[in-house]
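Novice: Okay, so the sequence shown: first residue is 4 according to the working numbering, each after it adds one.
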Amino acid sequence: MKRIVSARAKLKKAMSAFLASAVIGGSMFGIGQVIACGPFFEEAVFHHELHPDLPLKLFAGGNLGILQPDYARSYLVVAYRHLTGKPVDLEMNKQFTLVWDSRLSASMDPDYRDYTDTWLKARKEVSETKIDRIETYKYVDYSAFLNINSDAFLTASETLKSYISKYGAKDKRTTDWVAAQDLVFAGGGDSYNNKVKPVAPEPLPESADAELRNDRDYQIASFNFYAGDFDKAIAGFRKISQDKQSRWSKLSRYLVARSIARKATLAKASSEELTEALTILKDIRESDEDKDLHEAAARLISFIRVRTEPVERSRELIAILEGDAAGADYRNALSDLTWVMDRYAPSREEDEDDDKPAPKSEPKESPLDDDLSRWVFNFQATDAASADQAFKKW
Numbered sequence: 004m005k006r007i008v009s010a011r012a013k014l015k016k017a018m019s020a021f022l023a024s025a026v027i028g029g030s031m032f033g034i035g036q037v038i039a040c041g042p043f044f045e046e047a048v049f050h051h052e053l054h055p056d057l058p059l060k061l062f063a064g065g066n067l068g069i070l071q072p073d074y075a076r077s078y079l080v081v082a083y084r085h086l087t088g089k090p091v092d093l094e095m096n097k098q099f100t101l102v103w104d105s106r107l108s109a110s111m112d113p114d115y116r117d118y119t120d121t122w123l124k125a126r127k128e129v130s131e132t133k134i135d136r137i138e139t140y141k142y143v144d145y146s147a148f149l150n151i152n153s154d155a156f157l158t159a160s161e162t163l164k165s166y167i168s169k170y171g172a173k174d175k176r177t178t179d180w181v182a183a184q185d186l187v188f189a190g191g192g193d194s195y196n197n198k199v200k201p202v203a204p205e206p207l208p209e210s211a212d213a214e215l216r217n218d219r220d221y222q223i224a225s226f227n228f229y230a231g232d233f234d235k236a237i238a239g240f241r242k243i244s245q246d247k248q249s250r251w252s253k254l255s256r257y258l259v260a261r262s263i264a265r266k267a268t269l270a271k272a273s274s275e276e277l278t279e280a281l282t283i284l285k286d287i288r289e290s291d292e293d294k295d296l297h298e299a300a301a302r303l304i305s306f307i308r309v310r311t312e313p314v315e316r317s318r319e320l321i322a323i324l325e326g327d328a329a330g331a332d333y334r335n336a337l338s339d340l341t342w343v344m345d346r347y348a349p350s351r352e353e354d355e356d357d358d359k360p361a362p363k364s365e366p367k368e369s370p371l372d373d374d375l376s377r378w379v380f381n382f383q384a385t386d387a388a389s390a391d392q393a394f395k396k397w
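1) Please classify G239: is it buried, with 16 or more other beta-carbons within 10 angstroms of its beta-carbon, or exposed?
2) Output the boundary residues of the beta strand (DSSP E) element that contains L149.
3) Which runs of the alpha helix (DSSP H) at least 4 residues long sit entirely within the segment 218–269? Give them in chain order.
4) Taking 9 Å as the threshold (C-beta atoms), are L258 and A230 in contact?
5) With 16 as the cutoff for other CB atoms within 10 Å, does K367 come out buried or exposed?
6) Where does V129 sit, in a helix, a strand or coil, going by DSSP?
7) On a Cα-Cα basis, can you pick out the residue from L269, L93, Y78 that is closest to L107?
8) Comparing C-alpha positions only, which one of A331, Y333, R316 sits nearest to L371?
9) Measure the alpha-carbon distance for A82 versus A63 and round it to whole angstroms.
10) Classify G190 as buried or exposed, calling it buried when 16 or more other Cβ atoms lie within 10 Å of its own Cβ.
11) Over what stretch of residues does the alpha helix (DSSP H) that includes V102 continue unbroken?
12) Nearest to E325 by alpha carbon, out of N66, R84, S225?
13) Can you tell which of L254, T100, A264 has its C-alpha closest to the C-alpha of F233?
14) By Cβ distance, which residues of its chain are closer than 6 Å to I304, with the 5 residues on each side in sequence left out?
15) Hey, how far is the Cα of K169 from the Cα of T132?
16) Quick one, are the C-beta atoms of Q98 and D332 less than 9 Å apart?
17) How should A159 be labelled, buried or exposed, when 16 other C-beta atoms within 10 angstroms of its C-beta is the threshold for buried?
18) What's the C-alpha gap between A336 and K253?
19) Taking 9 Å as the threshold (C-beta atoms), are S165 and T119 in contact?
20) Determine the burial state of G68: buried for a count of at least 16 other Cβ atoms within 10 Å of its Cβ, exposed for fewer.
21) So what does K141 bridge to, in DSSP terms?
22) For T121, which residues of its own chain have a beta-carbon under 7 Å away from its beta-carbon, when the five flanking residues on both sides are left out?
23) Mind checking whether I137 and L149 have CB atoms under 9 Å apart?
24) Measuring alpha carbon to alpha carbon, tell me which residue in V309, E319, L207, P90 is nearest R346.
25) Just the C-alpha distance for T311 and H297, rounded to the nearest angstrom, thanks.
26) So, for V181: in the same chain, excluding its five sequence neighbours on each side, which residues have a beta-carbon less than 7 Å away from its beta-carbon?
27) Verify whether the separation of the beta carbon atoms of T100 and L59 is less than 9 Å.
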């Protein structure tokens, strides 16, 4: 019996020694460096404060998780739709997600980088002046906005193709046009990033070909728009729009309205100018010849109306977001409605250690008195009265 126990003990001891040596040997030679999953923040992050977990298309599709009152209101608007039993189809999902993606990336135009590269590549065939990148953002009061959109680079590339086709890549008329276009885009960037303040292209003499003069006039008006000299831009585009011989006539009519809208955003446009802009845009929407501008005109109309007619326009936007009409512009509706919400949000009590700025106080006459807006504002409120109201109503 003792021999059996002794043999078993020796076998157990030998196996233990073998396993120990295997573990130690493996740890020394057989296993590389192992890094735990990232990302590596200085503080633990359990959820995002201002938006749901990524990817946001899951949230748009109804995977709401635990809603947070600090979410941006655009997320709560979509959450309200789900909570009231209204489904979000694939097209709505796509449009809602585009709003969030553009805001999180600080860009309203996801294609602008591609078209910028397309333009830079195209101009290399003509100009020996080296330009590696173009400043497309402009800073105003410590905030930035995309000043030159993708359509500008696309239009420039197409125009250059027409010049090369008609005159050749090295013809002076082509190289002069490219040099002027370089000035146009130089005026669109932030002034702090430009070593020399850009100046507008020079007008062509009356002796020049009419088409070349029309193109240069359009470049000058565009420069003034990007440079922020909106009065000159409005006057320039208005003059071009009245010249039916110019290939820029139709587009310039729309750009008069767009210049007024930009002026209203960054400076101050008069009520007469805003009325003119709305008249132009509504005419474009009703014109069969301007079908390619219908969508852009509709969005600009909404952009202006939420500022000039917030009550009526907000009701229309809410009807769109609560409906399910095929072909509706849910992206623009969500963007414009939350713009109004952010400016008419009621004030709320903040915790003493909360370093986030309080929302603006509610005006005497808020345009938002619907169930959706009341729910969003109530959900974000922190006072006891709002909690009581929520239990009673919802």
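Each residue gets a CB set at the ideal place from its N, CA and C atoms; glycine is no exception. Keep in mind it's a predicted model, so treat the numbers as computed, not measured.
Specialist: On the basis of the supplied data:
1) buried
2) 146–149
3) 233–244, 252–269
4) no
5) Note that K367 scores a pLDDT of 42, beneath 50, so its modelled location is shaky and nothing firm can be said.
6) coil
7) Y78
8) R316
9) 8 Å
10) buried
11) 93–107
12) R84
13) A264
14) L284
15) 22 Å
16) yes
17) buried
18) 27 Å
19) no
20) exposed
21) F148
22) F156, S160
23) no
24) V309
25) 21 Å
26) R126, V129, S130, L163
27) yes
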